[in-house]
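Listed in order, the protein sequences are those of chains Y and U.
The first sequence begins at 1 in the numbering used here and counts up by one.
The second sequence begins at 1001 in the numbering used here and counts up by one.
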Amino acid sequence: MIGTLDSRVPAGPLPEKWRRHQNNSKLVAPNNRRRFEIIIVGTGLAGGSAAATLAEQGYNIKSFCYQDSPRRAHSIAAQGGINAAKNYQNDGDSVYRLFYDTIKGGDFRSREANVYRLAEVSNSIIDQCVEQGVPFAREYGGLLANRSFGGAQVSRTFYARGQTGQQLLLGAYQALCRQIAAGTVTMFPQTEMLDLVLVDGHAKGIITRDLITGEIVRHAADAVVLATGGYGNVFYLSTNARGCNVTATYRAYKKGALFANPCYTQIHPTCIPVSGDYQSKLTLMSESLRNDGRVWVPKRKEDCGKPPNDIPEADRDYYLERKYPSYGNLAPRDISSRSAKEVCDEGRGVGPGGRGVYLDFKDAIARLGEATIRERYGNLFDIYEKITGDNAYKAPMRIYPAVHYTMGGLWVDYNLMSNVPGLHVIGEANFSDHGANRLGASALMQGLADGYFVLPYTLPNYLAGQIGKRPSTDHPEFVKAESEVRERTKRMLDVDGKRSVDSFHRELGLLLWDKCGMARNAPGLQEAIARIPQLREEFWNNVTVPGYGENFNQSLERAGRVADFLEFGELMCRDALARDESCGGHFRQEHQTPDGEAVRDDENFADVFAWEYQGDGAEPKLHPEPLVFESVHLATRSYK
Amino acid sequence: MNFKLKIWRQLGRDSKGKLKPYEISGISPATSFLEMLDILNEQLTAHGTEPVAFDSDCREGICGTCSLTINGEAHGPSHPAAACQLYMREFKDGATITIEPFRARSFPIVKDLVINRSALDRIVQAGGFVSARTGSAPEANSTPVPKHKADLAMEAAACIGCGACAAACPNASAMLFTSAKISHLALLPQGQPERRRRVLRMVRQMDAEGFGNCTNTYECEAVCPAEISVSFIAKMNREYAIASLGERLGE
């Protein structure tokens, strides 16, 4: 049974907590490190950097990814940048300001000490990445360049063209490659984790499926680290890669790990709008575009069908600049997304289906010249043209919000360990740093902070007591977990029904986008909670999964992931229903000001909602972790 | 739009494969090429046939997973773009489209259109990194890097590791891939200490994987979705010549 959740936040003043914690943390001596085996699932920024760093320290690492190479993890698609409190622009930035902007951006629903630590280590990340050869943008004098991002009034974002995630990931991947060559990391590409194995209540292994051969394998370790990313694909259409899934974290949840704040999902304001029902994914246009692009819709509905360049200035509504004069087009993501939805709901949206707003570079091109804009955003304009066939240098882009990032994840303490001893969770897969809304350029920061500079210090707190406790894979718990995985796989193949896996996924996605997307209300959520079990029931009776389990079978891979989404979606709606307030990306229509701003309820909901699995069909049990704010005052977020 | 498709079907690495004909109709011009294959697979699944195996992940041209040869061209007719960035509006209505996997000796076929590119990972493992231990890095602005060098390094670093270069090359050479990484790191001050050792090891690994040599046909550059320039191959050759000379002289 789970008692009160202990966040294990160390005592002391906020700026000293992390240093004190490091000084008081346990150590594992170099000669003992090689006696430990650590499983790390996922090779994105968090998993890749953690595997490389822990291997460098002398631990034996087994690293797993579903992609054919660790370099393809979805961190690679992050475009815009990474924040750090370097204050290179001399514009008043500091660790405290980065901390404050991040916790305010998260609408005061994240853990103060974790966020402060994130801001503290941000500078080390930049140093580390530059040393690895990450080609960040530079000024003519040779120093690092910065740009500003949503939710900040300083220029603290480091970037590598529009491919910052790619370059940071390749840095981590190359560090990982160095360790693979050194023999300290054993790499398992195209291998999917299908269950977590607990021995005496501790996470001591996983069950995997080799996606090429279909072989089900047991892996034992002294600790397990999940770096498996977010669950945005529960909505079917999102900016995530096709393969991104909730399976690893959801399987861990079913083994007793708490899932925290699953309803906190981020809808990114600047994506290319949906064009048809065949669409398989949505493409993000980096938020950095909002530095130079101005967002508008026609003032009058009648103008929506006109070519945008024919609409005179006086007939345009630059609604973000109008509503939020001090942040303007750089208002945080949740606010920008909701504002776009509002103007489209009013019938002033543009493009197919009226679900789009303009992002216009005309003024920036006039001010800076097309060459400068091309240098800053050239690849984004190219992507836009490839997908839509339109040239954004000549006419404004059309954008619309899309599911992008998930702030919720497995609950972890200050050591990034879940409530299951030995199970650590890092990067997007955990819940800890972004509260109810993540600011731009802070996902890359968190992934690398966790992997390079936090987990390598906190993991020994667990490992120090675990020498010689690694079980054999012959342990009955491994045998049992393996046979459960085999049974489930066989069940999916045996249904032999009429509907494809994707058709279930699409239906679930549309339902969630409608009821648990940008705006939510109690009746809608209740409807979804009633509908999802029916859909799940139909899946297990009518899905068709062609092929066999003993070879390469992409339908089977997807079926397993969709089966988990069909359970997880319900948990997400339950969390959204229980959180009877609006905060950040979670907008409950019952709780808004007359002009449509989110209304938080700090009295009753300044908690993390951590959910405990209670068995199939049973309601999960809620464990609130009260958020204690020692240093910041809970203000109403205002970007006006 | 309607299309006739000829798709490579192959059960496994050691099986014999062949092109099989399919027909597909009612496709919107705004459909991506991979979405067209998704639609085909939904139809095959509905008819109880095993769908066509093909790899993709990000579907926005950055992860480098997709690996299709379309009408004989790696990633298809639209350049620069990965196959996932190709839209059906690029094709004529009623056209016959041939779809095969990337073909190169060092990329064995896993199934249908899916290939194994672990050879590329092994080339990076041989030395495509800077040995920068976590935590030992100096202050980032302590080493200024001239903007033109940083920009050129970024151009090389933009490689997405898809392997189209090797698939397009008549010699199945991976020199564009390998030279991009070598150039990226050789252009930056951080890459200097291991510069010679890196090029020697990576080039030797590339040869050991069975990739061919460059005979200056530049097909690689033509198909590269990241627009990596063949001038990096020239740079790699210079780097290799200097490093191997140094090695022979015992430096």
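We treat Cβ as the ideally placed atom computed from N, Cα and C, and that holds for glycine.
As the structure is a computational prediction, the values presented were derived from the model and not from experiment.
Among the options, which residue has its Cα nearest to the Cα of residue i?
i, options, result
"K299(Y)", "V350(Y), K255(Y), H623(Y) and Y278(Y)", "V350(Y)"
"H424(Y)", "G509(Y), L258(Y) and H475(Y)", "L258(Y)"
"V1052(U)", "C1214(U), A1234(U), R1197(U) and L1019(U)", "L1019(U)"
"V562(Y)", "D93(Y), V41(Y), V185(Y) and C244(Y)", "C244(Y)"
"Y231(Y)", "I206(Y), C263(Y) and I216(Y)", "C263(Y)"
"G1012(U)", "E1023(U), P1108(U), P1189(U) and C1169(U)", "P1108(U)"
"H268(Y)", "N261(Y), M285(Y), L45(Y) and I216(Y)", "M285(Y)"
"Y319(Y)", "E603(Y), P471(Y), R499(Y) and R338(Y)", "R338(Y)"
"C516(Y)", "I311(Y), G585(Y) and L380(Y)", "G585(Y)"
"G171(Y)", "P1170(U), L1176(U), M1154(U) and A1164(U)", "M1154(U)"
"Q266(Y)", "T406(Y), R111(Y) and G465(Y)", "T406(Y)"
"A578(Y)", "W611(Y), P594(Y) and D595(Y)", "W611(Y)"
"K1006(U)", "L1086(U), A1157(U), G1017(U) and Y1022(U)", "Y1022(U)"
"A528(Y)", "L508(Y), N541(Y) and F539(Y)", "L508(Y)"
So the beta strand (DSSP E) residue i belongs to, where does it begin and stop?
i, result
"C271(Y)", "T265 to C271"
"P298(Y)", "R294 to P298"
"L1005(U)", "F1003 to R1009"
"F188(Y)", "V185 to F188"
Since residue i meets chain U, which of its residues come closer than 7 Å, beta carbon to beta carbon?
i, result
"P273(Y)", "Under the 7 Å cutoff, chain U gives no residues; its nearest Cβ is about 11 Å from P273(Y)."
"G389(Y)", "R1089"
"I180(Y)", "Q1125"
"R72(Y)", "D1057, C1063, G1064 and T1065"
"R161(Y)", "M1154"
Going along chain Y, which residues have a C-beta under 7 Å from residue i?
i, result
"N1141(U)", "Y88, L143 and L144"
"Q1192(U)", "The contacting residues do not exist; Q1192(U) stays about 10 Å from chain Y at best."
"E1050(U)", "P546 and G547"
"F1129(U)", "Q174, A175, C177 and R178"
The ligand ZN and residue i: does the residue's C-beta get closer than 7 Å to at least one heavy atom of that ligand?
i, result
"V1145(U)", "Of the ligands one can find in the structure shown there are none, so the ligand ZN has no counterpart to examine."
Under 8 Å between beta-carbons, which chain Y residues line up against residue i? List them in chain order, please.
i, result
"A1153(U)", "G133 and P135"
"G1012(U)", "N551 and F552"
Quick one: what's got a C-beta closer than 6 Å to residue i's C-beta in the same chain, skipping five residues either side?
i, result
"V420(Y)", "A203, G256 and A257"
"S1179(U)", "F1232, I1233 and M1236"
"P523(Y)", "none"
"G214(Y)", "G549, E550 and N551"
"E287(Y)", "G80, G150, T270 and G440"
"P10(Y)", "K17, R20 and H21"
"A175(Y)", "A52"
"C1063(U)", "D1057"
"S336(Y)", "P269"
Looking at the unbroken alpha helix (DSSP H) that takes in residue i, where does it start and where does it end?
i, result
"G165(Y)", "T164 to A182"
"I373(Y)", "E370 to T388"
"G524(Y)", "A522 to N542"
"Y462(Y)", "L455 to L463"
"Y319(Y)", "Y319 to K323"
Mind pulling the chain U residues with CB within less than 9 Å of residue i?
i, result
"A241(Y)", "S1056, D1057, C1058, R1059, E1060, C1063 and T1065"
"Y641(Y)", "Because chain Y in this structure spans residues 1 to 640, residue 641(Y) falls outside the shown range and cannot be described."
Check the Cβ of residue i against every Cβ in chain C and list those closer than 7 Å, keeping chain order.
i, result
"A1150(U)", "Among the chains of the structure shown, chain C does not appear; the protein chains present are Y and U."
Residues in the same chain with beta-carbon distance under 7 Å from residue i, minus the five sequence neighbours each way, listed in chain order, please.
i, result
"S25(Y)", "Y457, T458, P460 and N461"
"I180(Y)", "M187"
"L463(Y)", "V28, F36, D222 and A223"
"L98(Y)", "N83, A85, A119, S122 and R156"
List the residues of chain Y whose Cβ lies closer than 9 Å to the Cβ of residue i, in chain order.
i, result
"S1025(U)", "Within chain Y, no residue comes near S1025(U); the closest Cβ sits about 13 Å away, beyond 9 Å."
"G1076(U)", "Ordered by position in chain Y, no residue passes the 9 Å Cβ test against G1076(U), which lies about 12 Å from the chain."
In the stretch 1108 to 1121 of chain U, which residues sit with their C-beta less than 8 Å from some C-beta in chain Y, listed in chain order? Of all residues in the stretch 1108 to 1121 of chain U, only V1110, K1111, V1114, N1116, R1117, S1118, L1120 and D1121 come within less than 8 Å of chain Y when Cβ atoms are compared, listed by chain position.
At a Cβ cut of 7 Å, what residues of the stretch 130 to 145 of chain Y count as close to chain U, listed as they run along the chain? From the stretch 130 to 145 of chain Y, only V130, E131, Q132, G133, P135, R138, E139, Y140, G141, G142, L143 and L144 have a Cβ closer than 7 Å to chain U.
Taking a Cβ distance cut-off of 9 Å, strictly less, list which residues of the stretch 254 to 281 of chain Y are near chain U, in chain order. The residues in question are S275, G276, Y278, Q279, S280 and K281.
Name the residues in the stretch 1030 to 1045 of chain U whose C-beta lies less than 9 Å from a C-beta of chain Y; which are they? For the stretch 1030 to 1045 of chain U, residues whose beta-carbon sits nearer than 9 Å to a beta-carbon of chain Y comprise A1030, T1031, S1032, L1034, E1035, M1036, D1038, I1039, N1041, E1042, L1044 and T1045.
Using a Cβ-Cβ cut-off of less than 8 Å, give me the residues of the stretch 394 to 427 of chain Y that come near chain U, in sequence order. Near chain U, meaning a CB-to-CB distance below 8 Å, no residue of the stretch 394 to 427 of chain Y qualifies.
Identify each residue in the stretch 523 to 551 of chain Y for which the Cβ-Cβ distance to at least one residue of chain U is less than 8 Å, and report them in chain order. Residues T544, P546, G547 and N551.
Residues, ordered as in the chain, of the stretch 282 to 294 of chain Y that lie near chain U by beta-carbon distance below 9 Å: Residues passing the 9 Å Cβ filter: T283 and L284.
To be precise: take each residue of the stretch 198 to 215 of chain Y, compare its Cβ to all Cβ atoms of chain U, and keep it if any distance is under 8 Å. Which residues remain? Cβ proximity to chain U below 8 Å picks out I212 from the stretch 198 to 215 of chain Y.
Using Cβ-Cβ distances below 7 Å, what residues of the stretch 470 to 504 of chain Y are close to chain U? Against chain U - using a Cβ distance shorter than 7 Å - the residues of the stretch 470 to 504 of chain Y are S500 and D502.
Can you list, in chain order, the residues of the stretch 1170 to 1188 of chain U whose Cβ is nearer than 9 Å to any Cβ on chain Y? Here the close residues are K1181, H1184, L1185, L1187 and L1188.
Could you run through the stretch 44 to 70 of chain Y and flag, in chain order, every residue whose CB is less than 8 Å away from some CB of chain U? Look at the stretch 44 to 70 of chain Y: the residues with a C-beta under 8 Å from a C-beta of chain U are S49, A52, T53, E56, Q67, D68, S69 and P70.
Anything in the stretch 106 to 131 of chain Y with a Cβ closer than 7 Å to a Cβ of chain U? List those residues in chain order, please. Answer set for the stretch 106 to 131 of chain Y: I126, D127, Q128, V130 and E131.
Anything in the stretch 370 to 387 of chain Y with a Cβ closer than 8 Å to a Cβ of chain U? List those residues in chain order, please. Residues are counted here when their Cβ sits less than 8 Å from a Cβ of chain U; for the stretch 370 to 387 of chain Y these are I383, K386 and I387, given in chain order.
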